[in-house]
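Letter by letter, the sequence shown follows residues -21 to -1, 1 to 349 in mature numbering (1 follows the signal peptide of the UniProt record, and there is no 0).
Yeah, the Cβ is synthetic: ideal placement off N, Cα and C, and Gly gets one too.
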Amino acid sequence: MRRILCLSLLTLILGAEAAPAQTTPAPAERTLNVFNWSDYIDPYAVASFTAETGIRVRYDVYDSLETLEGRMAAGRSGYDIIVPTSEPSFSRMVRAGALLPLDRSLIPTWGGQAPALLAKVETSDPGNRHGAIYLWGTVGLAIRPDRIRAILGDVPLDSLDLLMRPEIARQLSRCGIAVMDSGIDVLPSVLRWLGRDPNSAVPEDLRAAEAALLAIRPSVRAITASATILDAVAAGEYCVAMTYSGDVIQAQARAEEANRGVQIRYVQPKEGAQLWFDMLAIPADAPDPAAAHAFIAHVLRPAVMAGITNHTRYPNAVPASLPLVNAAVRDDPNIYPTPEMIGRTFTVTALPPAAERARARSWSRFKAGR
């Protein structure tokens, strides 16, 4: 689960008063190493963890699942906490034995997660043994309704047609179209738009999705990281962009603060949006698993999770946090979708290796435009 205020390296050190001279060496300072999406944490959550435990946090960020998986595949990453998306990254790591099973006795706040959401993740992690839900959301469109209607007139704004129909994309190309550089997230949505199984490994389906993307490629200005899209959307550079729901909500807030007349809206496509979950997980070779368990327990506290949701504008899976979530966030169906909206979503599953390679090749051809 995936965000981009330039928290490229968040390191919080809490100073302590000088200790008196002593003959025995002081105990080594403990450090928790976290690898998470960009702009995807409330700084208070990190600071309060350090204040309570004395454990310093070294916080690194990434902007794509491909980056996370590449770092983990190299081995000995040195991280104690990572935040992979449930599918396909998290499930792949579970199957590969790359994650430590969680010791729930060390996570007293575990039971505060919504059972219905945990059930949706069980297809990726049977028994929910290897991860706790951090934040979740959907994949959809950032749009500028005023610019779109100025070009197309009174057209429906709730469909992937705005991006995927070549004749519409050609017209909207003059005000800017962007797609996040993540075939893992984009291709399932295209398959769903085509009326096909988002998890299909059938070559014919994959060729159809690739053809649909290549048809709009001349109209796409940028295929780039979600963090870059967020900043550009907030600045009004695109009138249609495919990315994560929370990124769009963050961009909307930034545009409102800038007060430059940039109107942004998130569209959860009526054809069905991909529902994803970002998971708090511990690598099997984590240097300090005890500190990692303590961090997960801290983050799952209702007050801490509410602060994270208020800061990132992504929903969490701790119902007791809702009274502490800002009403403007809690009551926004683009952040917390209605049951009807959830009913139109889909989740993705891991594909056989051959199908994953085929998807990667299709995505590379789309990026290259051939």
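DSSP-derived helix/strand/coil call for residue 125: Shown here, residue 125 sits in a helix according to DSSP, grouped into three states.
Does the stretch 78 to 92 come close enough to the stretch 30 to 50 to have 3 or more Cβ pairs within less than 8 angstroms? Too few Cβ pairs lie closer than 8 angstroms, so no.
Within the chosen definition, does the stretch 163 to 176 reach the stretch 303 to 320 through at least 3 CB pairs nearer than 8 angstroms? No, the stretch 163 to 176 is not in contact with the stretch 303 to 320.
Smallest Cα separation from residue 293: which of 12, 270, 10, 16? Closest in C-alpha terms to residue 293, from the list 12, 270, 10, 16, comes 16.
Minimum length 4: unbroken alpha helix (DSSP H) runs contained in the stretch 21 to 102: With a minimum length of 4 residues, the continuous alpha helix (DSSP H) runs that stay inside the stretch 21 to 102 are 22 to 32, 44 to 52, 70 to 74, 94 to 100.
At the level of alpha carbons, what is the spacing between residue 230 and residue 22? CA-to-CA, the gap between residue 230 and residue 22 works out to about 19 angstroms.
With the cut-off set at 9 angstroms, would you say residue 69 and residue 258 are in Cβ contact? Yes, the pair counts as a contact, with Cβ atoms nearer than the cut-off.
Any alpha helix (DSSP H) of 4 or more consecutive residues that is wholly inside the stretch 203 to 262: With a minimum length of 4 residues, the continuous alpha helix (DSSP H) runs that stay inside the stretch 203 to 262 are 205 to 213, 224 to 237.
Tell me the residue span of the alpha helix (DSSP H) that contains residue 166. Where residue 166 is concerned, the enclosing alpha helix (DSSP H) stretches over 162 to 172.
Is the separation between the beta-carbon of residue 122 and that of residue 24 shorter than 9 angstroms? Not a contact, by the Cβ cut-off of 9 angstroms.
How big is the Cα-Cα spacing for residue 178 and residue 33? In this structure, the CA atom of residue 178 is about 45 angstroms from the CA atom of residue 33.
Smallest Cα separation from residue 10: which of 309, 330, 302, 269? For the residues 309, 330, 302, 269, the minimum Cα distance to residue 10 belongs to 269.
Own chain partners of residue 190 with C-beta closer than 6 angstroms, once the 5 adjacent residues on each side are dropped: Scanning its chain for C-beta atoms nearer than 6 angstroms, with the 5 sequence neighbours on each side dropped, one finds no residue around residue 190.
Of the listed residues 205, 143, 211, nearest to residue 187 (C-alpha basis): Distances from the CA of residue 187 to each of 205, 143, 211 were compared; the closest alpha carbon is that of 143.
Please state whether DSSP places residue 131 in a helix, a strand or coil. Helix at residue 131.
Verify whether the separation of the beta carbon atoms of residue 342 and residue 248 is less than 9 angstroms. No, the pair does not count as a contact, with Cβ atoms beyond the cut-off.
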